[in-house]
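Respectively, the protein sequence lines represent chains A and B. First residue of the first sequence? That's 1 in the numbering used here, and the numbers climb one at a time after it. First residue of the second sequence? That's 1 in the numbering used here, and the numbers climb one at a time after it. Cβ atoms here follow ideal geometry from the backbone N, Cα and C, with glycine treated the same way.
There are 2 protein chains.
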Amino acid sequence: MSPSSSSAFRSRLPSVTLDDVAARCGVSYQTVSRVVNGSHSVAEKTRARVLQAINELGYRPNLAARRLATRRSGLIGMVGTDITYYGPAQVMVSIEETAKRHDYNLMFAGIERSNDSQLAAAINDLCEHQIDGLVLGVQVEGRIDLVRRLCRGVPFLSVDSTSALGVPTVVVDQSLGVRLAIEHLLTLGHRRIACISGPPGWSAAHERRNAFIRALKRAGCDVGRIAEGDWSAESGFAATMELLKERESFTAIVAGNDHMALGALRALHAKRIRVPGTISVVGYDDLPESRFFEPPLTTVHHDFARQGERCVTMLLRLINNESVDQPVELLRPEFVVRESTGRARQGG
Amino acid sequence: MSPSSSSAFRSRLPSVTLDDVAARCGVSYQTVSRVVNGSHSVAEKTRARVLQAINELGYRPNLAARRLATRRSGLIGMVGTDITYYGPAQVMVSIEETAKRHDYNLMFAGIERSNDSQLAAAINDLCEHQIDGLVLGVQVEGRIDLVRRLCRGVPFLSVDSTSALGVPTVVVDQSLGVRLAIEHLLTLGHRRIACISGPPGWSAAHERRNAFIRALKRAGCDVGRIAEGDWSAESGFAATMELLKERESFTAIVAGNDHMALGALRALHAKRIRVPGTISVVGYDDLPESRFFEPPLTTVHHDFARQGERCVTMLLRLINNESVDQPVELLRPEFVVRESTGRARQGG
DNA sequence: CGCTGAATTGTGAACGCCCACAACTGCCGG
DNA sequence: CCGGCAGTTGTGGGCGTTCACAATTCAGCG
Chain A
1 MSPSSSSAFR
11 SRLPSVTLDD
21 VAARCGVSYQ
31 TVSRVVNGSH
41 SVAEKTRARV
51 LQAINELGYR
61 PNLAARRLAT
71 RRSGLIGMVG
81 TDITYYGPAQ
91 VMVSIEETAK
101 RHDYNLMFAG
111 IERSNDSQLA
121 AAINDLCEHQ
131 IDGLVLGVQV
141 EGRIDLVRRL
151 CRGVPFLSVD
161 STSALGVPTV
171 VVDQSLGVRL
181 AIEHLLTLGH
191 RRIACISGPP
201 GWSAAHERRN
211 AFIRALKRAG
221 CDVGRIAEGD
231 WSAESGFAAT
241 MELLKERESF
251 TAIVAGNDHM
261 ALGALRALHA
271 KRIRVPGTIS
281 VVGYDDLPES
291 RFFEPPLTTV
301 HHDFARQGER
311 CVTMLLRLIN
321 NESVDQPVEL
331 LRPEFVVRES
341 TGRARQGG
Chain B
1 MSPSSSSAFR
11 SRLPSVTLDD
21 VAARCGVSYQ
31 TVSRVVNGSH
41 SVAEKTRARV
51 LQAINELGYR
61 PNLAARRLAT
71 RRSGLIGMVG
81 TDITYYGPAQ
91 VMVSIEETAK
101 RHDYNLMFAG
111 IERSNDSQLA
121 AAINDLCEHQ
131 IDGLVLGVQV
141 EGRIDLVRRL
151 CRGVPFLSVD
161 STSALGVPTV
171 VVDQSLGVRL
181 AIEHLLTLGH
191 RRIACISGPP
201 GWSAAHERRN
211 AFIRALKRAG
221 CDVGRIAEGD
231 WSAESGFAAT
241 MELLKERESF
251 TAIVAGNDHM
261 ALGALRALHA
271 KRIRVPGTIS
281 VVGYDDLPES
291 RFFEPPLTTV
301 HHDFARQGER
311 CVTMLLRLIN
321 NESVDQPVEL
331 LRPEFVVRES
341 TGRARQGG
């Protein structure tokens, strides 16, 4: 923001405005504006003439000006963490695509840790850009009031967050996914099942873990120790090594995501433990790569793209003050059986 | 854009403006503006008073208005394809982070195929938002003129594109990466090396493939058939199956990225071919997961985050009309030896 | 004590657009 | 031939900011 740089800016060539177009074809700027905005109370002939002038001059509306005048930005904001992971990235892309299809643009703000100050900074930042709506891709439990205060009437919803907070959400039915996994393992005769959960502070991790415990209890199995990872393959590797050190044995591992499952596979291989011969492994998410792991991973398939799409649809309804029939939308995951799970060893 | 929706908008609560703040503490809006923009020609006492009013009222500058007045947006645009891949995603995140550190925001526009019309639409879209600079994360060869025309003086640069076009670029030294890989294999005694290249239309793919051919020729080896994938593990699997069908044998595979290498590993495993015992495999990119593949993958490490960072740095110089000493910045990749490569079978 | 100049503050205009409303076209029927 | 009406087009004002410049304040000094 030094004076020198700002003077450099001013030297940028002036853009073509409504007035320029208007002058060119002898109408008022308002008529041009009408053409640009597709108002149909403009004569065919005039419209054609204006359109031509627009083309010749290469007129492009200045959205900043429009935004100022209409108090709408055509912008959807999103704040998220760890967008480099496949899931979040996929959701973001899908949001961007869907938004674009509805003539909205996406503005993404990444934060490293989901603490109050970073979250506040990101939301403020986005709001200064006059976003029309906000997608929260971060942990918001306990911060809803903060968010609501910062948003000042800008509608928002959350992906990947627990419900019951009065915040509209589009979320996978984590519980169902985990249940499918556990049922599959039970059917195969597994009774002692270990878990590698995702990091605290992610509600997806939290819910999957809780669902795991519930499902096991319902089946009358003991819940053994639950190891914790951070979603990375590396942490899955470490967690598995930890689990293997414990006295009590198990015949299956349910990992919080596919990356950690990959780490688990690697750890088991390093220990010369056969998968699924000795231990079965189940992942969560179904990365495109998971089919090619060694062995191909049995996992819970989650349609991230659809999640992003539903998000935008719901957000647009909120933006337009339309009724939202289902403030919490649950997406049903599917279970994909591949080769990393098999029958439990007898009496293992 | 129906009338009903726009009326819904107008009902949104009016925001706090400079005037509101000014009224609150009995100064003119200009003084408040000065405080907000950190001008230092304002008395300490006044500044304090204004600052307090800003806090009390929760004033947030309206960037649309500022943008209109200054003709700067504080926005960097990026157009990219396939941002769900680890590399591109990583680059984008890094760009966003770096931009934020310099008080810029990122606006991303994804396109499905890098054809003229989609590219034009994306650039127009971004430009309507008055971006100050543009990062091209798509294939631009043969489209530079189009881009230049659309940008109208907005500076741009490209990631992942070949040089020699007069377009500033931040790119990995693909050639070096491939050379490192080939030299490694040559040292291990490999002479017949196959390649799975990335899809046409990606200059990274193109360059890696050319570098592969060059390196092999220089070493006096024959260049066998080169299979083609689309970056996905699945395509790597298919390509490897293809290669294995051919008569002429080989003792090593160089894949265009780690995902395809994963597919190759899987294909070899399915065919009961030992890695690296019978065939060695080298990847490219070094995903965080690659260490956990079976076997852990030898690959070329690429620092995507750094690439994004350099991009922004260079773009900011362009935006500020500062001199750019090196319009093409080459990043040096590193070679990482793990367990998917070993000595070539004698006389294999 | 009045003058000077620096420090501080205020004013008018502009940025490009949209809204509400006013004004102008024709064309019809009476 | 004129009032009226629908279809079109033009005008004034304002969105929230910044810029250039004008106006004010306040020391310090001869």
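Between the CA atoms of residue j and residue i - distance to the nearest angstrom
{"i": "glycine 198 of chain B", "j": "serine 114 of chain B", "result": "15 Å"}
{"i": "aspartate 116 of chain B", "j": "leucine 150 of chain B", "result": "11 Å"}
{"i": "glutamine 90 of chain A", "j": "methionine 92 of chain B", "result": "13 Å"}
{"i": "leucine 265 of chain A", "j": "arginine 317 of chain B", "result": "47 Å"}
{"i": "threonine 351 of chain A", "j": "alanine 22 of chain A", "result": "Since the first and last residues shown for chain A are 1 and 348, residue 351 of chain A lies out of range."}
{"i": "threonine 341 of chain B", "j": "leucine 262 of chain B", "result": "13 Å"}
{"i": "proline 295 of chain A", "j": "valine 337 of chain A", "result": "12 Å"}
{"i": "proline 168 of chain B", "j": "valine 35 of chain A", "result": "38 Å"}
{"i": "proline 3 of chain A", "j": "asparagine 320 of chain B", "result": "Confidence at proline 3 of chain A is low in this model, with a pLDDT of 33, below 50, so its placement is unreliable and the value that follows should be read with caution. Approximately 11 Å, taken between the alpha carbons."}
{"i": "isoleucine 123 of chain A", "j": "alanine 215 of chain A", "result": "37 Å"}
{"i": "alanine 238 of chain A", "j": "glutamate 246 of chain A", "result": "13 Å"}
{"i": "histidine 206 of chain A", "j": "cysteine 311 of chain A", "result": "21 Å"}
{"i": "glutamine 118 of chain B", "j": "glutamine 307 of chain A", "result": "24 Å"}
{"i": "glycine 166 of chain B", "j": "glutamate 322 of chain B", "result": "17 Å"}
Residue-level contact to chain B via CB, residue i, 9 Å cutoff
{"i": "glycine 236 of chain A", "result": "yes"}
{"i": "leucine 107 of chain A", "result": "According to the sequence displayed, residue 107 of chain A carries methionine and not leucine. By this cut-off, methionine 107 of chain A is an interface position."}
{"i": "serine 15 of chain A", "result": "yes"}
{"i": "arginine 306 of chain A", "result": "no"}
{"i": "arginine 152 of chain A", "result": "yes"}
Buried or exposed (CB count within 10 angstroms, at least 16 for buried), residue i
{"i": "glycine 38 of chain B", "result": "exposed"}
{"i": "serine 290 of chain A", "result": "buried"}
{"i": "serine 280 of chain B", "result": "buried"}
{"i": "proline 200 of chain A", "result": "exposed"}
{"i": "alanine 267 of chain B", "result": "buried"}
{"i": "serine 158 of chain B", "result": "buried"}
{"i": "glutamate 248 of chain B", "result": "exposed"}
{"i": "glutamine 130 of chain A", "result": "buried"}
{"i": "alanine 69 of chain B", "result": "exposed"}
{"i": "glutamine 174 of chain A", "result": "buried"}
{"i": "glutamine 52 of chain A", "result": "exposed"}
{"i": "proline 14 of chain B", "result": "exposed"}
Contacts of residue i in chain A (Cβ-Cβ under 8 Å)
{"i": "cysteine 127 of chain B", "result": "Arg60"}
{"i": "glutamine 130 of chain B", "result": "Asn62, Leu63, Ala64"}
{"i": "serine 73 of chain B", "result": "Ala64"}
Interface residues of chain B facing residue i [CB-CB closer than 7 Å]
{"i": "glycine 110 of chain A", "result": "Val93, Glu96, Glu97"}
Closer than 9 Å to chain A by CB, residue i
{"i": "tyrosine 86 of chain B", "result": "yes"}
{"i": "glutamate 289 of chain B", "result": "yes"}
{"i": "lysine 100 of chain B", "result": "yes"}
{"i": "asparagine 55 of chain B", "result": "no"}
{"i": "glycine 342 of chain B", "result": "no"}
Partners in chain A for residue i, counting only beta-carbon separations shorter than 7 Å
{"i": "arginine 67 of chain B", "result": "Ala64"}
{"i": "phenylalanine 292 of chain B", "result": "Ala233, Phe237, Leu262, Gly263, Arg266"}
{"i": "histidine 269 of chain B", "result": "Glu294"}
Amino acids of chain A, ordered along the chain, whose beta-carbon sits closer than 9 Å to that of residue i
{"i": "asparagine 257 of chain B", "result": "The premise fails here: asparagine 257 of chain B is roughly 11 Å from chain A at the closest Cβ pair, so nothing lies under 9 Å."}
{"i": "glutamine 118 of chain B", "result": "Here the premise fails: no neighbours, minimum Cβ distance about 11 Å."}
DSSP-derived helix/strand/coil call for residue i
{"i": "asparagine 115 of chain B", "result": "coil"}
{"i": "glycine 277 of chain A", "result": "coil"}
{"i": "leucine 188 of chain A", "result": "coil"}
{"i": "aspartate 20 of chain A", "result": "helix"}
{"i": "isoleucine 95 of chain A", "result": "helix"}
{"i": "serine 290 of chain A", "result": "helix"}
{"i": "asparagine 55 of chain B", "result": "helix"}
{"i": "phenylalanine 212 of chain A", "result": "helix"}
{"i": "serine 5 of chain B", "result": "Unreliable positioning characterises serine 5 of chain B in this predicted model, as indicated by a pLDDT of 37, which lies under 50. The coordinate reading is nonetheless provided below. Of the three classes helix, strand and coil, the one that applies to serine 5 of chain B here is helix, per DSSP."}
{"i": "histidine 301 of chain A", "result": "strand"}
{"i": "aspartate 258 of chain B", "result": "helix"}
{"i": "isoleucine 76 of chain B", "result": "strand"}
{"i": "aspartate 285 of chain B", "result": "strand"}
{"i": "phenylalanine 237 of chain A", "result": "helix"}
Chain B residues whose Cβ lies nearer than 8 Å to that of residue i
{"i": "alanine 89 of chain A", "result": "Ile83, Thr84, Ala89"}
{"i": "asparagine 124 of chain A", "result": "Arg60"}
Listed by chain order, chain B residues near residue i by CB distance under 9 Å
{"i": "asparagine 115 of chain A", "result": "Chain B residues near asparagine 115 of chain A: none, gap ~16 Å exceeds 9 Å."}
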